[in-house]
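Here's the structure, in structure tokens; my notes come after.
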Amino acid sequence: MSLDITRINPYFEDVMPQEYRDLVKNGSFGSEKRLGDLGTFKELLEEHPMCAGCHLALAFRILVSSLPRPEDSIMVGSTGCSSLAFTQLALHNIHSLFGNQNAVASGLKRALELRFPDKIKDVIVMAGDGATADIGLDMTLHSWFRGENITTVMFDNELYANTGGQESGMTQCGAVLHMAPTGKKFQKINVYDLAVSSGCAYAAVVSTAKPKNISECFKKAVLIAREVGPTYIQIFTPCPTNLKIKPSDSKKIATERFKGDYTFREHITDEAKEYLAISKDGIKKQAIEPETVLISDDKEIPLEGS
Amino acid sequence: MPANELREVSTEYMLFKAKREEQFITGSEAVKEAARRANIDIAIAYPITPQSESMHLVGDLYAEGYVREYFRGENEFAVMSEIAGAAMAGVRTFTATCGPGTLRAFENFPMWSGARLPIVMSFMTRVINAPLSIQPDTIEMSFLLDTGMMMMHAEAAQDLYDMLLMSFDIAEQTSVHIPMGVFVDGFFVTHTRQKVNIVTEDVKLKPYNPGMSPVAHIDMETPPFRLMRDPFVMKSNYISYAAHASWQQEVMASAQRAKRYIKKYLGGFIEHENPDAPIQIVASGTAVSQSREAIKMLKAEGVDAGLIKIKVIRPFPGNEVKAALSGAEKIIIPEFNRVGWLCREVASVIPNNNRIVPGPRVYGGMTMPPEVIVQVVKEGALVGV
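Chains as they are written, first to last, in my numbering: chain A, 1 to 306; chain B, 307 to 691.
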């Protein structure tokens, strides 16, 4: 997009909400930020209504702070705790129904390619494990089979959190949860392997135990999805509320699991590797545009026709 | 005429001025001919009988360059979701389904209306399982009455062709901008050949202009740059509830505002033959054709009956129907469904609705011989209910 559309009309500057002024003046539009920059600029995610110790919220902040081109990124979400975070997102985003996020993203991406064939438009799906692996699994898989150029992120807290802690397909076998009163009877759905075998050009399993790793993998996933094919990121995001643990223990759980069964995995095709090597410089150049002054110092703008 | 040589014209020109020629084609082929000139950006398909043939043919148009993007989705819920995503990005979309497919996709339809998406689609109505049948039945229209979509009901392939062409313009009006469903009775129309007057000139409709949408598109090019579709009630407070309630009212008002455009293209919401007759038959879809035959048979026996063809189901033309039935002594409403949704609609807008004989109704894929309508008119008794 042209950064002009973020510019505040000088005549309205003094009546615009402070948070909007902050976003325009100190946001990350027009300049690629790194995870280490968190706290030095106006985050895309402002105050959020998630529970204390929520690692979905942490992952969300890491992701939106790691977008290669936030000004040209469109997020598609789904029902779940993440949909509460989306309301605080300073990017175009869609929440339509439960489970149809990859289908909406498919139509959106193709339509954007028709309307803006010469522009990069990153379409990124962010949804929980229920939306991705249960109710929306067919649409997730089929978007991969079709080779849609979108990035799919699963926030895996291993249960339905927003509805009060029910078993999901990503729950660990044996876990006792609502709707699994005698313990879950089958293993976690291996969505990572499904992503690899379904044709994803890039797939990774990461954890909030390693924030920098999430940031790096996500950037790769978004870049590869532009040209090479669909990409998938699965993030372990412990839910203290429904796991009934202290909020301060979320990190401990993430760290312990990372040493065991929920550790880093990465798949990248040769074509994606090659694209990444070639495109990095080009992407950086595109990310920095000359028009970075977003609020005018000069309020004396003549009215049209006067 | 190659796709890239078609000239862009207004909907008025397309419908009222462009040269036409008579073709002997099926209802599905009429859909193809409408789609050829509708300047569609994206069509997404999923097979279900009796709809499949129409979307095969739209796929052929894509191969020939008349439609810019086309693919087969994985199921009807996904297709309607994909169509929603495309419409949110500001392009003209088209799809079709029927019967069980309509119900599988159902959650999307009120979402389309609420998101103010000007999607046009066709429903080739059929039985809802179980037991399994693929035959004609209009019961799915009953389910769709309260989704916020506009609904037209075609009697024959000619109606289907013209209604589809006009629907894009009506749905895309800034003051309207909600989805339009064009309904046609499966098999009776989709799989039979009829004479249809098709536009012959080298023309297509003007493209959709997303800039005229009352709601900004999800494209990061259209201010406001911080935009969310679509939940209002993410924090429970009075303002968000009030916003949601007023938005629902706005969607209903959008359908009402569409009336002027519908009237411009259709001429009216109803057609009335023999308005002074004491007996009036009210019908939509192919039940109109059957009623016409029944009226001829009644006339031969000296019974005077009139016919009201209802072309628009949503927004329901309540005032027009009420006025047309003001002098009727007996009202017969033949329908191709069990529940009698049209009967309920008519009964809800007229005084003294005990004048209505609620039937005949045939369903499950049965045909409606005109003799059955004649019998109900003469005996004033319920048949088939």
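Every residue, glycine too, gets a C-beta built ideally from N, C-alpha and C.
query	result
Which of helix, strand or coil does DSSP assign to residue 443/B?	coil
Under 8 angstroms between the Cβ atoms of residue 444/B and residue 359/B?	no
Starting from the beta carbon of residue 5/A, find every residue of chain B whose beta carbon is closer than 9 angstroms, and list them in chain order.	526, 527, 528, 529, 530 and 531
Classify residue 605/B as buried or exposed, calling it buried when 16 or more other Cβ atoms lie within 10 Å of its own Cβ.	exposed
Buried or exposed for residue 173/A, please, with buried defined as at least 16 other CB atoms from any protein chain shown within 10 angstroms of its CB.	exposed
Run through DSSP, which three-state label would residue 11/A get?	helix
In angstroms, rounded to a whole number, what distance separates the CA positions of residue 3/A and residue 449/B?	45 angstroms
Under 7 angstroms Cβ-Cβ, which residues of chain A neighbour residue 397/B?	111, 114 and 115
Closer than 9 angstroms, Cβ to Cβ, to anything on chain A: give me those residues from the region 379-412 of chain B, in chain order.	379, 380, 381, 383, 384, 385, 386, 387, 388, 389, 390, 391, 392, 393, 394, 395, 396, 397 and 399
Could one say the Cβ of residue 65/A lies closer than 8 angstroms to chain B's Cβ atoms, at least one of them?	no
Rounded to the nearest angstrom, what separates residue 680/B and residue 600/B at their Cα positions?	6 angstroms
Does residue 14/A have its Cβ less than 8 angstroms from a Cβ in chain B?	no
Would you grab the beta carbon distance between residue 72/A and residue 222/A for me? Rounded to a whole angstrom, and I think it's under 8 angstroms.	No, residue 72/A and residue 222/A are not in contact; Cβ-Cβ is about 10 angstroms, not under 8 angstroms.
Less than 8 angstroms between the C-beta atoms of residue 250/A and residue 53/A, yes or no?	yes
Return the CA-CA distance between residue 318/B and residue 574/B, expressed in angstroms with no decimal places.	15 angstroms
Below 7 angstroms CB to CB, which residues in the same chain sit around residue 628/B once its five sequence neighbours on both sides are set aside?	655 and 656
Do you know how far the Cα of residue 255/A is from the Cα of residue 409/B?	45 angstroms
State the Cα-Cα distance for the pair residue 428/B and residue 5/A, rounded to the nearest angstrom.	37 angstroms
Compare the C-alpha of residue 527/B against each of 68/A, 203/A, 268/A and 120/A and name the closest.	120/A
Does residue 65/A come out as helix, strand or coil in the three-state DSSP assignment?	coil
Return the bridge partner residues of residue 603/B from the DSSP annotation.	In DSSP, residue 603/B forms no bridge with anything.
Using the rule of at least 16 other Cβ atoms within 10 Å of the residue's Cβ for burial, across every protein chain shown, is residue 610/B buried or exposed?	exposed
Which of the three DSSP states, helix, strand or coil, is assigned to residue 155/A?	strand
Check distances from the C-beta atoms of the region 571-601 of chain B to those of chain A and list, in chain order, the residues that come in under 8 angstroms.	none
Tell me whether residue 368/B is buried or exposed, calling it buried when 16 or more other Cβ atoms sit within 10 Å of its Cβ.	buried
How long is the line joining the alpha carbons of residue 293/A and residue 8/A, rounded to whole angstroms?	Residue placement at residue 293/A is flagged as unreliable, the pLDDT there being 36, under the threshold of 50; the coordinate-derived value follows with that caveat. Each residue's Cα considered, the two are about 11 angstroms apart.
Excluding the five sequence neighbours on either side, which residues of its own chain have a C-beta within less than 6 angstroms of the C-beta of residue 503/B, listed in chain order?	326 and 328
Around the Cβ of residue 141/A, are there at least 16 other Cβ atoms within 10 angstroms (buried) or fewer (exposed)?	buried
Only counting the same chain, and skipping five residues up and downstream in sequence, which positions put a Cβ closer than 6 angstroms to that of residue 624/B?	655
For the alpha helix (DSSP H) containing residue 142/A, list its first residue and its last residue.	137-145
Using a Cβ-Cβ distance under 8 angstroms, would residue 375/B count as near chain A?	yes
On the DSSP bridge list, what partners appear for residue 403/B?	429/B
Is there contact between the region 91-110 of chain A and the region 389-403 of chain B, where contact requires at least three CB pairs shorter than 8 angstroms?	yes
What's the C-alpha gap between residue 690/B and residue 461/B?	Bear in mind that the predicted position of residue 690/B carries a pLDDT of just 41, short of 50, making it too unreliable to give a figure here.
Within 10 angstroms of the Cβ of residue 550/B, are there 16 or more other Cβ atoms? Answer buried if so, exposed if not.	exposed
Please report whether the beta-carbon of residue 314/B lies at a distance below 8 angstroms from any beta-carbon of chain A.	no
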